[in-house]
Structure formats: C-alpha cells, structure tokens
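> Below is the structure I would like to discuss, written out as structure tokens.
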Amino acid sequence: MEGNTAWILTSAALVLFMVPGLALFYGGMVRAKNALNMLNMNMWCLGIVPVVWVLVGWSLASGDSGRSWLGDLSVVGLKGVHDVEGLASFAFLMTFACITPALISGAVADRMKFSAWMVFVPIWSLVVYAPVVYWIYGADGWIFNLPAHDFAGGTAIHVNAGAAALALAIVLGKRSGWPQNRPAPHNVPFVMLGAGILWFGWFGFNAGSALASNGVAAQAFVNTFIAAAAGMVAWMLVELAKTGKASTIGMASGVVAALVAITPAAGFVGSMHSLVFGAAAGVICFFAIEAKFRLGFDDSLDVVGIHLVGGAVGGILLGFMADSSAVPGGDFIDGVFFGGGILLWNQILAIVAVGSFSFVATLVIAKVLDKVIGLRVSESTEMTGLDVSDHGEAAYVIDG
2 MEGNTAWILT SAALVLFMVP GLALFYGGMV RAKNALNMLN MNMWCLGIVP
52 VVWVLVGWSL ASGDSGRSWL GDLSVVGLKG VHDVEGLASF AFLMTFACIT
102 PALISGAVAD RMKFSAWMVF VPIWSLVVYA PVVYWIYGAD GWIFNLPAHD
152 FAGGTAIHVN AGAAALALAI VLGKRSGWPQ NRPAPHNVPF VMLGAGILWF
202 GWFGFNAGSA LASNGVAAQA FVNTFIAAAA GMVAWMLVEL AKTGKASTIG
252 MASGVVAALV AITPAAGFVG SMHSLVFGAA AGVICFFAIE AKFRLGFDDS
302 LDVVGIHLVG GAVGGILLGF MADSSAVPGG DFIDGVFFGG GILLWNQILA
352 IVAVGSFSFV ATLVIAKVLD KVIGLRVSES TEMTGLDVSD HGEAAYVIDG
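Residues 2 to 401 (the working numbering) are what the sequence shown spells out, left to right.
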C-alpha cells in the first residue's frame, strides 16, 4: 500500500511538471512578443483548475451517482475523503485536469485575450472535461461500460483537448496575415527543452495510471519510452524525405505526437507494439499538421494535428493491438489481432463521441463568451504583442 501511494504521488508531481514543460514547448514556438502570454496561459491552468477541481470538478468526474453520463456532488470539497488512497487519487487526477486545458492554449496563440482565457478554462473544465472523464473512467460511465479502453487519457485528454482546440480556433479566426505570413518560432531551444520535460513527465502520466507500483506500471513505462523514440525517428525520416532537412521542431514534435498516441494504450499492449504506435503517430501527425493549410483553420501550434489526430491514432490502433497476454495480470478485452473484434468499434465510437461532444460544447462556450466579453484582441494589440498589452511585461529586455 505504501509503495503504491508513493508511486501515485510521485507520478502526480511528474504530471504537474509537464505543465511548465508544455509552457516552454509552446512558448518557444510563438513570437517573442507573445512568449510570456503563452507561459501565463499554461500556468493559469495550474492556478484555477485545482480550485475548481477541489470544489466540484472531481465530484462531477468521479462521484457515485449511478448515472452513465455524469457524477454527483457526493464528494464536493473533498467531503468525507480522508483516506490515503482517496487523497492520492484526487491529487493524481487533479494534475491531469490541469494539463488538459493547457493543451488547448496552443491553438489560440497570438490572438486570444488573456481575460477571456481566464474565464474559459474553469467553464470548460466543468462543462466538458469533467463529464468526459466520468464517461470513460467512472464505474457507471457509458464508455467505460461499452467497454472501450483508454489507459491514461488518449481520448479523455488528447482527443478531448484537440477537438476543443479546433472549435476555439474556428471561433477566434485566423491570425492577421495567416497563412501567407507564417511566424517562425522565436526560441527553438525552449521548444526542445519543453519536449524533454514533457517526455520525462509522461512517465508519470502513463506509468502512474497503473495506480500501483507493479508490472503494469513497468510495462507502461517501457512502452512510453519506446514509442517516443520511434515517433522521433519516424517524423525525422519523413521530414528528411520531404524537405531534405531534419529540424529541431520536427524532432520535438515527433516525440510529443508519439507520446500522445501511446497514452491510451500504454498498459494494454506489449513492448514491440509500442514501436508501431510511435512510428504511426510520427508519420500520420506529420501530414495531419500540413492539412490545416488546405482546410484553412489556423491552429497556431498544431494542437489538432498532434493531440486530436495523435490521440485518435492511438485509440484506433489499440482496437487492433490490445493484448491481455502481453501485460502482467492483463484482464481486458483484446484487440482485433488477438481475437477481440468488438473492441475496435467501441474505440471508434468513443473517439467520435468524445470528439463531437467536445467540439460542439466548446463551440457553444466560445461563441457565448465572444458575445459577452469578446475572445479576440484588437488588430493593433495583435501587432504590438500580448505580453505588453495583457501582462505589462516583456520577455526580453535589453538595457542600454
């Protein structure tokens, strides 16, 4: 018991550390005049989401309501939760709740009011994130009982955030001058550092989702490592073949795309299958990112191409490759390749349902907020930069 609790709490700390890692990953990609804004959008999630989570979010996402679509108010304010296991579970899941809306921020870089973001995050966390988590992980949740598999949040977090990012990007509209003017990342070393922190934290994200220090956690850890490496290699090979260059941004993006794809499957597949997840994500997400230019939506930092697409790739591949014999103590429905054909259709249904719900609900939230307080900064503010206009600071100050 003590060892399991220690692992869960350590994993929670690792996942929390992913938020500043994501801030660096995104912050390095934007223009220098918006760097602080991107850091603050991510860090705001570490401030407001725990408050929302302890007050009501965790109860809605995990309460024992007996319903298939939403929890109840039985543990509002952690009412009656005093045991070590309950507190550790709360802390671990709270870090997931923090990073999920932070992922969305990359789609709205350079043009969303910080004040609007401050309002959007808590509303989205309650209206969209909490119900989806209950569907997938609640004992009475309808997706949990299909059943569909999602070990650490490929659908609950990445498909969910990616679909929300698409909706928010559509409502906000394109950045001034895009796509003719495609701003270059202002600090590529930040991007690589952020990717490294994300990779490190993802071991807590995936292996911690075993909720025990056991063989499943070890398998998830190994799968996470292998998939990320395969994703990097696959992305680099495609990029070299297509452009003749091996970019730092591409290397970092390949790692993150693969980490997203292995997330739903980390505790459900064997080590060699994780190579397939990583490589597939590296290739498919590379081309998915290019699709935004043909489709005409401005997803500034490729949240849709990496998280929505990567999460869907991982969830669908799991429908083929889930293998209970490859995981210590495995007791779950196998994929198509191992005799469990129904799982594939359940996986697709879960992905479509979560993606559709998140997109529509976020679209409604965004349109209402746009009418009430306005989502987008003025054109002059966009030109000046959000660091000075929204935060009164500059990321880089050169004296004299």
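Where a beta carbon is used, it is the ideal one built from N, C-alpha and C, also for glycine.
Going by beta carbon distance, what residues of the same chain come within less than 7 Å of residue 256, once the five residues before and after it are set aside?
Around residue 256: 196, 200, 229, 232 and 233.
> Out of curiosity, what's the CA-to-CA distance linking residue 166 and residue 304?
7 Å
> Is residue 295 helix, strand or coil when you go by DSSP?
helix
> What's the gap between the Cα of residue 114 and the Cα of residue 378?
Rounded to whole angstroms, the gap between the alpha carbons of residue 114 and residue 378 is 5 Å.
> Report the residue from 169, 251, 384 and 19 whose alpha carbon sits nearest the alpha carbon of residue 178.
384
> If you check the beta carbons only, do residue 164 and residue 298 fall under 8 Å apart?
No, the pair does not count as a contact, with Cβ atoms beyond the cut-off.
> Ordered along the chain, which non-local residues of its own chain (more than five positions away) have a Cβ less than 8 Å from that of residue 394?
Here the set comprises 37 and 388.
> Alpha carbon to alpha carbon, how far is residue 329 from residue 214? Give it in angstroms, no decimals.
When rounded, the distance between both Cα atoms is 12 Å.
> Would you be able to state if there are at least three C-beta pairs under 8 Å between the region 94 to 105 and the region 15 to 22?
yes
> Per DSSP, residue 377 forms a beta bridge with which residues?
113
> Can you name, in chain order, every residue of its own chain whose Cβ lies under 7 Å from the Cβ of residue 92, other than the five neighbours on each side?
10 and 13
> Taking the C-alpha atoms as reference points, what is the distance between residue 356 and residue 209?
So the two alpha carbons sit approximately 25 Å from each other.
> Leaving out five residues before and five after residue 361 in sequence, what residues of the same chain have Cβ atoms less than 8 Å from its Cβ?
168
> Just the C-alpha distance for residue 351 and residue 40, rounded to the nearest angstrom, thanks.
32 Å
> For residue 294 and residue 180, what's the separation of their Cα atoms in angstroms?
7 Å
> The alpha helix (DSSP H) that contains residue 240, what's its start and end?
216 to 244
> Would you be able to state if there are at least three C-beta pairs under 8 Å between the region 56 to 65 and the region 127 to 140?
yes
> Considering only C-alpha positions, which residue in the set 364, 317 and 337 is nearest to residue 353?
317
> Rounded to a whole number of angstroms, what is the C-alpha to C-alpha distance between residue 23 and residue 82?
Going from the Cα of residue 23 to the Cα of residue 82 covers about 31 Å.
> My output table needs one value for residue 12: the three-state DSSP class, helix, strand or coil.
helix
> Excluding the five sequence neighbours on either side, which residues of its own chain have a C-beta within less than 8 Å of the C-beta of residue 253, listed in chain order?
26, 192, 193, 195 and 196
> Alpha carbon to alpha carbon, how far is residue 323 from residue 273?
12 Å
> What is the DSSP secondary structure of residue 326, counted as helix, strand or coil?
helix
> Just to confirm the assignment: which complete alpha helix (DSSP H) runs, minimum length 4, are found wholly within the region 13 to 90?
Every alpha helix (DSSP H) stretch that sits fully inside the region 13 to 90 and reaches 4 residues is listed by chain position as 36 to 53 and 59 to 63.
> Identify, in the order they occur along the chain, each residue of the same chain with its Cβ nearer than 7 Å to the Cβ of residue 175, setting aside the five sequence neighbours on each side.
299
> Specify the secondary structure class of residue 212 as computed by DSSP and reduced to three states.
Residue 212 falls in the coil class under three-state DSSP.
> How would you label residue 135, buried or exposed, when you count the other beta carbons within 10 angstroms and need 16 or more for buried?
Under this definition residue 135 is a buried residue.
> Check residue 372 in the structure and name its three-state DSSP category.
helix
> Enumerate in chain order the residues of its own chain whose CB-to-CB distance from residue 336 is below 6 Å, with the five nearest sequence positions on each side excluded.
Once the five neighbours on either side are set aside, the close Cβ partners of residue 336 are 320, 321, 322, 323 and 344.
> Under 6 Å Cβ to Cβ from residue 74, same chain only, skipping five residues before and after it: list those, please.
60
> Could you tell me the alpha carbon to alpha carbon distance between residue 240 and residue 283, rounded to whole angstroms?
10 Å
> Around the Cβ of residue 1, are there at least 16 other Cβ atoms within 10 angstroms (buried) or fewer (exposed)?
Any answer about residue 1 is impossible in this case: the structure gives the chain only from 2 up to 401.
> Mapping the DSSP letters down to three states, classify residue 4 as helix, strand or coil.
helix
> Do you know offhand how far residue 219's Cα is from residue 86's?
Going by the C-alpha atoms only, they are around 20 Å apart.
> For residue 173, which residues from the same chain have a beta carbon less than 7 Å from its beta carbon, with the 5 sequence-adjacent residues on both sides left out?
109, 112, 113, 376 and 377
> Residue 198 by DSSP, collapsed to three states: which one?
helix
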